[in-house]
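Asker: Counting from 258, one number per residue, gives the positions in the sequence shown under my numbering. In this text, a Cβ means the ideal position worked out from N, Cα and C, and glycines have one as well.
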Amino acid sequence: MINLFKFFLTFNVILYLSGISSVYAQSIREYKKINLKQFKECMKPPKSNGSEQGWADYYGENNGKIELKVKNQPMISDGTVAATLNYKFEPLKEILTLEILEKTKFMFGMVEASDKQIWEGFDGLVEECQKHN
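Pasting the structure below:
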């Protein structure tokens, strides 16, 4: 785990020093076939939908903002916002659209969640929620 963290940190330092931005063109993702029950009870549950690494807080009824918050991460306080997204849920079309707005930089700007990490998390959540009717 330490070696992976060192690699990630070194990679981000190289990107930072070379001036390469970690913002990617694919900051919007659309998920289809999510019904209202799946959205309300699984995607946006009344209680935290967290894991050991963090949770998501939703603001708004069918559209608004999502804050992804970290938990149990070294040198980062629990509840720190790692990323902020816009979301729009269209119940009649059964479509959820997410857009990454901002990612928090940690460790003096050298480390932040990647778009890939964020999308992988939502991909897994959507896949799990679609199993529930």
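(1) Closest by CA to ILE333, which one among GLU369, ASN319 and GLU347?
(2) Can you tell me the Cβ-Cβ gap for GLU287 and THR354, rounded? I've got them flagged as a contact below 8 Å.
(3) Only counting the same chain, and skipping five residues up and downstream in sequence, which positions put a Cβ closer than 7 Å to that of SER278?
(4) Looking at ALA340: is its Cβ nearer than 9 Å to the Cβ of GLU359?
(5) Determine the direct distance from the alpha carbon of GLY336 to that of ASP314, and round the result to whole angstroms.
(6) For ILE285, is the classification buried or exposed, using 16 other Cβ atoms within 10 angstroms of its Cβ as the cut-off for buried?
(7) Near LYS345, which residues of its chain fall below 6 Å by C-beta distance, leaving aside the five closest residues on each side in sequence?
(8) Mind checking whether GLU324 and VAL338 have CB atoms under 9 Å apart?
(9) Taking VAL327 as the reference, give the member of PHE363, TYR316 and LYS350 with the closest Cα.
(10) Comparing alpha-carbon positions, which option in LEU342, LYS388 and LYS350 lies nearest TRP376?
(11) Note the first and the last residue of the continuous beta strand (DSSP E) segment covering VAL338.
(12) I need the DSSP call for GLN330, collapsed to helix, strand or coil.
(13) Given a cut-off of 9 Å, decide if ASN390 and LYS290 are closer than it, judged by their beta-carbon atoms.
Answerer: Quick answer:
(1) The residue with the shortest Cα to Cα distance from ILE333 is GLU369.
(2) About 5 Å separates the beta carbon of GLU287 from that of THR354, a gap short enough to meet the 8 Å contact definition.
(3) Any answer about SER278 is weak, because its pLDDT of 41 lies below 50 and its placement is not dependable; what the coordinates show is given next. Short of 7 Å from the beta carbon of SER278, and not among the five residues preceding or following it, lies no beta carbon of its own chain.
(4) Closer than 9 Å, so yes.
(5) Between ASP314 and GLY336, the alpha-carbon positions lie close to 10 Å from each other.
(6) Looking at its Cβ environment, which holds fewer than 16 other Cβ atoms inside 10 Å, ILE285 is exposed.
(7) If we look at LYS345 and ignore the five residues flanking it on each side, its Cβ neighbours are ASN320 and THR354.
(8) Yes; because the gap between Cβ atoms is below 9 Å, this pair is in contact.
(9) Comparing alpha-carbon positions, the option among PHE363, TYR316 and LYS350 lying closest to VAL327 turns out to be PHE363.
(10) Closest option to TRP376, Cα to Cα, is LEU342.
(11) Residue range 338-347 is occupied by the beta strand (DSSP E) that includes VAL338.
(12) DSSP places GLN330 in the strand class (E or B) of the three-state scheme.
(13) No, the Cβ-Cβ distance between LYS290 and ASN390 is not below 9 Å.
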